[in-house]
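To start, the structure itself, in structure tokens.
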Amino acid sequence: GTYPCLGCNCCSSIIKGFKINHPTKGSEVNLNEYATCKSTFVVYLLKCLCGLGYVGQTSREVKMRIQEHKSNIRNFKNDTQRDTQVSRHFIEFKHNCMQLRGCVLDEVAPDRRVGNRLQRLLQIEGKWIKKLNTLNPDDLNEAWSLKPYL
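In my numbering, the protein residues as written are 6 to 155.
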């Protein structure tokens with residue numbers, strides 16, 4: 006589950022606990038990892054007031070990535086780097102960045118043997134996109150690639 010670190014401005018955006026509701030089905034999904042805003046190499050879920058979800062990944066602290074999503078919403082401009090599926094949805098449906106909520110779904114620990122941690126992160130992101138069915142048109146993920154598995 007995800008818990009606030011209690012030391013940053015991202016804490017108020019955290020969906021706390023070891024369970025989340027499936028974005029489209031409403032059923033409970035168990036989370037096995039313990040994470041905070043400071044966790045790295047994570048797959049995360051963002052949710053809006055509509056209940057739609059977006060699954061993403063980051064190797065940086067998750068609070069940095071959530072702040073970037075909020076900044077994209079606050080400073081949205083069509084056809085720029087800030088024009089993402091998440092920011093576009095928030096602007097179109099008149100949500101504001103303070104309504105963005107997120108949690109860590111999974112964390113990728115360093116490999117004991119030599120391995121590609123980033124590739125593993127992308128694989129786990131794909132697993133969660135499929136598990137939570139967050140691809141368009143039902144939800145906010147635009148695309149998903151099999152490339153990390155090849």
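Backbone N, C-alpha and C define an ideal beta-carbon position, used for all residues, glycine too.
Just so it is clear, the structure is predicted and the values come from calculations on it, not from any experiment.
*Go to residue 71, then tell me how far its alpha helix (DSSP H) extends in each direction, as first and last residue.*
Start at 1 with the first residue of the sequence shown, and residue 71 comes out as number 66. Here the alpha helix (DSSP H) through residue 71 covers 67-79.
*asked:* Does residue 53 come out as helix, strand or coil in the three-state DSSP assignment?
replied: What you label residue 53 is simply residue 48 of the sequence shown in a count that begins at 1. If DSSP states are grouped into helix, strand and coil, residue 53 belongs with coil.
*Candidates 100, 77, 97 and 99, of which the one nearest residue 89 by Cα*: The sequence position of residue 89 within the sequence shown is 84, counting from 1. Per the Cα distances, 77.
*alpha helix (DSSP H) containing residue 93: first to last residue?*
Locating residue 93 in the sequence shown gives position 88, where the first residue counts as 1. That run of the alpha helix (DSSP H) goes 90-97.
*Which residues in the same chain as residue 93 place their Cβ atom closer than 8 Å to its Cβ, once the five residues preceding and following it in sequence are excluded?*
Taking the first residue of the sequence shown as position 1, residue 93 is located at position 88. So the list reads 81, once near-sequence residues are dropped.
*asked:* Below 8 Å on the Cβ atoms is my contact criterion, and I expect residue 145 with residue 57 to pass it. Report the Cβ-Cβ distance as a whole number of Å.
replied: Position 140 of the sequence shown holds residue 145. Position 52 of the sequence shown holds residue 57. Yes, residue 145 and residue 57 are in contact; Cβ-Cβ is about 5 Å, under 8 Å.
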